[in-house]
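Those protein sequences? They're chains A and B, same order as listed.
With the working numbering, the residue at position 10 of the first sequence is 14, and numbering never jumps.
With the working numbering, the residue at position 468 of the second sequence is 1966, and numbering never jumps.
Cβ coordinates follow ideal geometry from the N, Cα and C atoms, glycine included.
Have a look at the structure below, then the notes.
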Amino acid sequence: MVEYAWLAPLLPLVGYVFLLALGRRAPEGLVAGISVILTFLSFLVSLAVFTALGSHPDATGAYTFRWLTLGTHSIDVGFQVTHLNALMLLVVSAVSTLVFLFSVGYMHKDERFSVFYQYLNLFVFSMMALVISPNLFQLYIFWEMVGLCSYLLIGFWYFKPEAALAAKKSFIVTRLGDVGLFIGIILLFLSSGSFDYSTVFQAATSGHLGLPWISSAHLTTLAAILVFTGAVGKSAQFPLHIWLPDAMEGPTPVSALIHAATMVAAGVYLVARTYPLFEASGVALTVVAWIGGITALLGALIALTQRDIKRVIAYSTISQLGYMMMGLGVGAYAYGMFHLFTHAFFKALLFLAAGSVIHAVDTQDLFEMGGLGKKMRITQWTFLFGALALAGVFPWAGFWSKDSIINATLQSGHIVLFWFAEIAAFCTAFYIFRVYFLTFHGKPKDEAKYAHAHEGSWVMTVPLIILAIMAFIAGFFNTGLNNYGLEKYLMADSPTGLIGHVYPDNVALMIASVALALLGILVAALMYWKPVISAEKLAQSLGGIYRLSFRKFYLDEIYYRLIVWTGKLIASIVDFFDRYILDAIVWLLGRAGYMGGVGLKYTQTGQVQTYSVIALFGLMILVAIAMFHVGGVF
Amino acid sequence: MPSAINWLQQPYWMTMGPLLVVVITAFLVMVLELIFRNGDRRWLTGISMLGTLIALGVALGHFSAQPNQALNTVVIDAFSSVFSVLILITVFLVLLFTLDYRGSNRLAAEHTYLLLFATAGALAMATSVDLVTLYVGLELLSISSYVLVAVRRKSVHSVEGGIKYMLMGALGSAVLLYGMSFIYGISGTTNLMELSAAAGTMFTTYPSITVLGFVLMLFGMGFKLSLVPFHMWTPDAYAGAPSAISSFLATLSKTAAFAMLLRLLLFIFNGVADKVFFWAGILAAITMVVGNFIALPQRNMKRLLAFSSVAQAGYILVPFALIGASTVQDWPSLFDSISFYLFAYTFMTVGAFAVVHIVSEQTHSLDSDALIGLFQRSPWLAVALSIFMLSMAGMPLTAGFLGKFYIFANTVQLHTPWLGIVLFATSVVSFFYYLGWLRKVFQREPEGDLVAVPISLPMNTLVTLCVVLTVVLGLVPATLLHPLLSAHWVY
């Protein structure tokens, strides 16, 4: 079955081409039907591949053919299914199918319904192709393609100026990281002579990465950190996290699919995929851990005070991606990926439930909602499941995966990062239940909106229910109940232990974590459900700290001053140079060339006599020069 | 029956297989043409295409065969296989092209077998290793081509082009023969294998005569390849001839000439390559510069394609010239570049001529303004033409880009960057006229009434084939490069 893994990305591509052929005016039912069925088939393929690999753990070789040969180097294209890839395929296709179904209701009567599904199909294709790429070259191509799809979908409602701006911002900010990734890939290619993962890892672990100007160890670290910059951009890690909250301008299903479950996890996937490189350079791994830890804390702190429901969840995504990075960074490879797996479900669930709310009340401001639980039972309960999973309450999915990471952080001796993670965990429980209580409990703040609120049709509720079930059970895939199946599955990629460690459960820590989460929920309840503590007064008494969180640590402003302003200065200098100096030269060259052509045209007299004279004259001159050059005649 | 198959499998027949099939088909068509004088005789073209396909099958069978020689004159080796295959594919495309001429527009029926005889000549140029046979092949190709250009007897342009082509062609043949006679004079043999062995002594004994022989043969072939300054007949002949014949001249005739040039000069002069091939580099540079600049102000579409083909021949001459700077180990990579570019060049050129033909048939004008608004009139043709133009200009993801890229990489590897720089700089110039067409294609037509461009089935097939081949070569170059790499270039 593994050799048919290429079907998984192909099916959405077929869907894309088909929708393209149908055109923009195709009926909604047809468009959605094709898309949902094809992604579902793709999910079945992924599931088959996933299980097939479980029974044949050594079927992870690459299937490639030669694409291009340049001197001694060659570039292959094809696909490769490792255990990591198989897990990603499964996550991507599962979430895609549900989001595709949900969008039928959410995007109903949108003028560009068909275009929306085209982009989504293209995205799913690119994402799956990225996941099963056998080399860095192919990965980079699809890396850019998912970036492009993300750009298109964030700016889907391009007539809203915020959406257009957000699309631009996300593209430019992730591009900063991509440049690093690109340089990293080129360095690896130059030093190892290949784009193939296996060759690069071989060279890195045996210390054979070499370039004249840098030692092998330093090069490994440099390349790993450059690759990591790509991941920082894509996975919205500090300091490049600023694009993700703005990306919430896109339609909510897009936020659920691309900006929560799949594309933003591509950065985590990239680090996991190139893990041997990071292991070979201890420094790079530490950098990953610290960036991850800082991001986890920063995201959670900012999420505490945001007023927009989607932005809270977006900051939560940033924070959770930080956890995954931290997990990878402290050596807990399997736990990082485990958290990616569970997070995909409960975060997609939270976004879709939020989408259901937005669909019902047509606002994203938390303080215009309230009391919606009575009108939207299913949304309320599913959101609650997602929130419990995110908060890390036993036995929901997030509890198992997040706690494994925190445990690994402690066991591997990163005490500071451990406290970062615990504080962030407390904040997480607080902010998500703040959203929950503000949305579904209390009195409606806006009667008009409340009156018009209603539950969506089955296409919207069924995905919510399925995801809620997954948010509950996904954690059990890696517990004593199934003999830690997921981590064993993932670790099968490298039996020699090149990919990190696993740790035994720590019951004391589990109890402490759950207690912390419950404390967070309790505080949220006391502030927003039964208002014992006044949120306004607390905010006033905390003054500066509150503003710091609310203004997102002023990072956007700082970047604006620092980077955008310098950029504009440089741009205006370059613009002057280009406009008045380069353009003049180019214009002159162009004129001269054209006039030269016109001049030559006049030699083309149409007289065959002229032709022969010129030919013979040229011949004689050239022969004479040749003879003179060789000597012996004159 | 088994004995017949056995007989057909004799190496003797296999070696000359494609040539024989084409000649037999040509005679067959000639006779049939005499018998059936009336009605729509395009089925003759069908027979010719069938014969071409059979010959192509035989030639493909040779692809990975061990080098083999028959009658001391005809060989199978990588040169012969690669060039025979390309020649046969080209003639198939051209025959498909001629199917579009029907009714009052039809060509004199002789064109079918003339094309086949020309192909036979071209195949002889690609497969023989004897000066005399090579020359006979060249003349067979040339004389058929002269007639083909003048096939529209009633058209002044057609006849004028034919006459000019013939006069200049005769001049070229004379120069070529003159060069050959020097080489024969100092070596006493016409067999390339023997000449190859004698090259070292020839050069040490008669250096100037050897070099003279080389440059004269190079320049003689330069007429056929329309290298500057021997190119001046090109626009007149291309513009005068029917488009199908122009595309034939631009592709098949050049491929054959390149095959012969490689065979001739490489076999005779391989021992002294570093002393003589330098001159081809000079010619390549002049051709690239003049060809591209003179194309800039052109408005007539076929004349522009003619100058573009002059410039393209200059590009292909670059790896040829690099033989002088290389060792035997580098040769396969140079031959790969030459043949890859020729393949790419053939598909995009035939395709471009096809689109120009369709458009000019509708508007009765060869001025490039006929392209204005093509995107609205026929989006498919517009996209196809864009692909051909971008490929000729050398935009990435097209066959033309990779072709140029390989050549450029060769110049860098072999430490002859100046040729690479000329190639690069003149390619930039070529963007002006190639993209100038695209601007017109996508420009909106001012007048309101849009008439869709009619496309006949053969032309649609032809354009589709060319688009597919150009795109496939650009996206998956390994489909062609892989067989090229496994061919036995050096023996």
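Three or more C-beta pairs below 8 Å linking the stretch 1656-1671 of chain B and the stretch 1752-1768 of chain B
no
Original post:
When every heavy atom of the ligand NAD is checked, does at least one fall within less than 7 Å of the C-beta of I1743(B)?
Top reply: Ligands in the displayed structure: none, and consequently the ligand NAD is not present.
ask   = Taking Cβ-Cβ distances shorter than 8 Å, what residues in chain B pair up with F129(A)?
value = By Cβ distance, chain B contributes nothing, its closest Cβ being about 17 Å from F129(A), past 8 Å.
*So with Cβ pairs under 8 Å, would you call T73(A) a contact of chain B?*
yes
For the stretch 404-414 of chain A and the stretch 343-352 of chain A, state whether three or more C-beta atom pairs, one from each stretch, are separated by less than 8 Å. yes
task: Rank A318(A), L244(A), L370(A) and Q368(A) by C-alpha distance to the C-alpha of K351(A) and give the top, closest one.
output: A318(A)
(Q) Taking the alpha helix (DSSP H) that F83(A) belongs to, which residues open and close that run? (A) F83(A) -> not in any alpha helix (DSSP H); beta strand (DSSP E) instead, spanning H77 to Q84.
Residues of the stretch 1657-1669 of chain B whose Cβ lies closer than 7 Å to any Cβ of chain A, in chain order:
K1662, L1665, M1666 and L1669
Candidates L213(A), L593(A), F444(A) and F160(A): which alpha carbon is nearest D114(A)'s?
-> F160(A)
Bridge partner(s) assigned by DSSP for A66(A):
Q84(A)
Original post:
Going by the CB atoms, is the gap between D560(A) and I246(A) shorter than 8 Å?
Top reply: yes
Does I189(A) come within less than 8 Å of chain B when only Cβ atoms are used? no
Could you confirm whether any beta carbon from chain B is found closer than 8 Å to the beta carbon of R70(A)? yes
*Whole beta strand (DSSP E) elements within the stretch 1553-1590 of chain B, 3-residue minimum*: 1566-1568 and 1572-1574
Item to check | Neighbourhood of S360(A) by C-beta, 6 Å cutoff - its chain only, sequence neighbours within 5 removed | outcome: T383, G460 and M464
- Message: For the stretch 1917-1933 of chain B, list every residue whose C-beta sits within 7 Å of some C-beta in chain A, in sequence order.
- Response: V1927
On the DSSP bridge assignment, give the partners of S1626(B) in chain order. V1572(B)
Would K378(A) be called buried (16 or more neighbouring beta carbons within 10 Å of its own) or exposed? exposed
- Query: Straight-line CA distance for L388(A) to L302(A)?
  - Reply: 24 Å
Report task. Kindly indicate which residue of L14(A), W533(A), A348(A) and L573(A) has the alpha-carbon position closest to the one of S259(A). Result -> A348(A)
request  = At 8 Å on the CB atoms, spell out the chain A contacts of F1728(B), in chain order.
outcome  = A619, G622 and L623
query = What does a CB cutoff of less than 6 Å around V1630(B) pick up in its chain, not counting 5 residues either side in sequence?
reply = T1688
Distance, F199(A) Cα to A452(A) Cα:
59 Å
**Burial state of Y564(A), where buried means 16 or more other Cβ atoms lie within 10 Å** = exposed
Item to check | Under 8 Å between C-beta atoms of F146(A) and S137(A) | outcome: yes
Looking only at C-alpha atoms, which of A56(A), M132(A) and G286(A) sits nearest to A98(A)?
-> M132(A)
* To do: For I1792(B), go through chain A and note every residue whose CB falls closer than 7 Å to its CB, in chain order.
  => G601, L604 and K605
- Query: Which same chain residues, not among the five before or five after A270(A), have their C-beta less than 6 Å away from its C-beta?
  - Reply: K238
Notebook entry, point to check: Taking Cβ positions only, does P1975(B) come closer than 8 Å to chain A?
Noted result: yes
| task | May I have the straight-line CA-CA distance separating R116(A) from F1728(B), to the nearest angstrom? | result | 58 Å
| message | Please report the straight-line C-alpha distance between P243(A) and V236(A), rounded to a whole angstrom. | response | 8 Å
Starting from F1717(B), find everything on chain A with Cβ-Cβ shorter than 8 Å and list it in chain order. L623, L626 and V627
Cβ separation of L1762(B) and L1632(B), assumed to be a contact under 8 Å, to the nearest whole Å: 6 Å
Discussion item. Please tell me whether W1461(B) has its Cβ less than 8 Å away from any Cβ of chain A.
Written reply: Given that chain B is displayed from residue 1499 to residue 1989, the structure contains no residue 1461(B) and the question cannot be resolved.
Assigned secondary structure, L244(A) (DSSP; H/G/I helix, E/B strand, else coil): coil
query = For D1772(B), does the three-state DSSP call read helix, strand or coil?
reply = helix
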